[in-house]
Amino acid sequence: MRVRLSASLTAATIAAATACAPAPAELGDVLPRFQETARALAAGADADGRTTVSGLDGWLFFGPELRHASVGPFWGSDAAAVSRARDPEAADPLAAILDFRAQLRELGVELIVMPVPAKSVIYPDQLAAELSDLSSPPRLDPDHVVFYTLLRQQGVEVLDLTERFLQVRNHPRGPLYCLRDSHWSGVGCAVASAQLAGALLSRSWYGAPPGDAPHIADWRPVTITGDLEREATDGVTGETLQMRSISVAGGADGASGPRPEPDPNSPVVLLGDSHNLVFHAGDDMHATDGGLPEQLAFELGFPVDVVAVRGSASTAARVNLLRRAQADPTYWERKRMVIWVFSVREFTEGDGWPLIPIRPDPPGDSG
Numbered sequence: 004m005r006v007r008l009s010a011s012l013t014a015a016t017i018a019a020a021t022a023c024a025p026a027p028a029e030l031g032d033v034l035p036r037f038q039e040t041a042r043a044l045a046a047g048a049d050a051d052g053r054t055t056v057s058g059l060d061g062w063l064f065f066g067p068e069l070r071h072a073s074v075g076p077f078w079g080s081d082a083a084a085v086s087r088a089r090d091p092e093a094a095d096p097l098a099a100i101l102d103f104r105a106q107l108r109e110l111g112v113e114l115i116v117m118p119v120p121a122k123s124v125i126y127p128d129q130l131a132a133e134l135s136d137l138s139s140p141p142r143l144d145p146d147h148v149v150f151y152t153l154l155r156q157q158g159v160e161v162l163d164l165t166e167r168f169l170q171v172r173n174h175p176r177g178p179l180y181c182l183r184d185s186h187w188s189g190v191g192c193a194v195a196s197a198q199l200a201g202a203l204l205s206r207s208w209y210g211a212p213p214g215d216a217p218h219i220a221d222w223r224p225v226t227i228t229g230d231l232e233r234e235a236t237d238g239v240t241g242e243t244l245q246m247r248s249i250s251v252a253g254g255a256d257g258a259s260g261p262r263p264e265p266d267p268n269s270p271v272v273l274l275g276d277s278h279n280l281v282f283h284a285g286d287d288m289h290a291t292d293g294g295l296p297e298q299l300a301f302e303l304g305f306p307v308d309v310v311a312v313r314g315s316a317s318t319a320a321r322v323n324l325l326r327r328a329q330a331d332p333t334y335w336e337r338k339r340m341v342i343w344v345f346s347v348r349e350f351t352e353g354d355g356w357p358l359i360p361i362r363p364d365p366p367g368d369s370g
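Residue numbers for the sequence shown follow the numbering used here, so the first one is 4 and each next one is one higher.
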């Protein structure tokens, strides 16, 4: 049985959810100033056929992410007006996430939704000179607060990284985001994995591996050329940042071994966009031993399964999950947790949120 969200359900809970967001009076002129700046920069880049927006001091931002940060409410009756989904019927992320959670629940599998905050929300002072006074910014994404509250009211577990990222935005190892790439940095990835592990270690199904810690962590510098540099005009090339390299313990002569490889038999599935691939997949993802799969393996003591895609993850990642189940009829029997990780811009800037099955229909099931 598929679960669809009715308009009346959204209307019945929206007032209570809105009460959880920062009041406009608390933010003064900061929120409209931020949103107007983000909107103007995104529109200017779009008009020029660019996706890269130059900030201050070598920082680059992704235009579609800035647009998302400026559009306001993006679910329910507001979804079609602000979404870039081709099909307006698939513009609303709320129904799709609730349906996904319901399907997993039928399989006895838990879900954590972990949206990655917009770089500009954590570092607005690096976006434009008119925002440079926001070196200790308040929370500038009240619509996300409302949306996450709506999800929680309907039983979806949401790990909101925004408050933690704001707390440690001046991390001693460096910024939480790459300056010249659209992804989090190695530092941000490690902070996120620690938050995520804290939500997993108390689960009844979790069992720590016996004996010594199976993985070794070693911070090291990594020099990258970010995906936003292709359109940059500031003359800066590359950046060097810190990444926590994870390897398997027990190599020859006590040395560390290879990275922990993803395990299709793991009880934990990392699902989503390229935030699951950066520092993991190599090549344009910069490294192979410091991404979220490796960080979680270090935190949990065992490797995770990875179902991730480059580009929009609202639909394609769930389709790939279905393909896994089609190829392996016992796939879901081994799973206990799906962690859905994607940039917040997916809510409006991706390819839409249609309902997607995650397992083949049982014989004789008409849907």
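Virtual Cβ for every residue (Gly too), placed ideally from N, Cα, C.
Spatial neighbours of residue i within its chain, please: C-beta separation below 6 Å, excluding the five flanking residues on both sides.
i	result
residue 168	120, 125 and 179
residue 293	189, 246, 247, 248 and 282
residue 163	151
residue 11	Because residue 11 carries a pLDDT of 45, less than 50, the predicted location of this residue cannot be relied on, and the following value inherits that uncertainty. Hits under 6 Å: none found.
Mapping DSSP to helix, strand and coil, what is residue i?
i	result
residue 123	helix
residue 10	Below a pLDDT of 50, predicted positions are generally treated as unreliable, and residue 10, at 47, falls in that range; the measurement from the model is reported next regardless. Of the three classes helix, strand and coil, the one that applies to residue 10 here is helix, per DSSP.
residue 71	helix
residue 118	strand
residue 223	strand
residue 334	helix
residue 249	strand
residue 100	helix
residue 180	strand
residue 351	helix
Does the distance from the C-beta atom of residue i to that of residue j stay below 7 Å?
i	j	result
residue 261	residue 251	yes
residue 355	residue 45	no
residue 280	residue 311	yes
residue 348	residue 67	yes
residue 268	residue 223	no
residue 351	residue 123	no
residue 332	residue 263	no
residue 361	residue 106	yes
Here's a check: name, in chain order, each residue in its chain whose Cβ is nearer than 8 Å to the Cβ of residue i, leaving out the five neighbours to either side.
i	result
residue 196	295, 298, 299, 301 and 302
residue 166	142
residue 133	36 and 40
Less than 7 Å between C-beta atoms, sequence neighbours within five positions excluded: which residues of the same chain meet that for residue i?
i	result
residue 172	125, 126 and 179
residue 177	188, 190, 244 and 245
residue 95	78, 79, 82 and 356
Give the C-beta separation of residue i and residue j to the nearest angstrom, bearing in mind that I take them to be a contact with Cβ-Cβ under 8 Å.
i	j	result
residue 47	residue 237	So it is not a contact: roughly 16 Å between Cβ atoms.
residue 116	residue 159	6 Å
Could you check whether the segment 280-289 touches the segment 323-343, counting it as contact only if at least three pairs of C-beta atoms, one from each stretch, sit closer than 8 Å?
no
Taking 8 Å as the threshold, find out whether the segment 335-347 comes into contact with the segment 268-277 through three or more Cβ pairs.
yes
Quick one: any contact between the segment 63-83 and the segment 102-113, if contact means 3 or more CB pairs under 8 Å?
no
contact_flag[the segment 225-234, the segment 176-193] where n(CB pairs < 8 Å) is 3 or more:
yes
Touch test, the segment 302-319 against the segment 29-41, Cβ-Cβ under 8 Å, three pairs minimum
no
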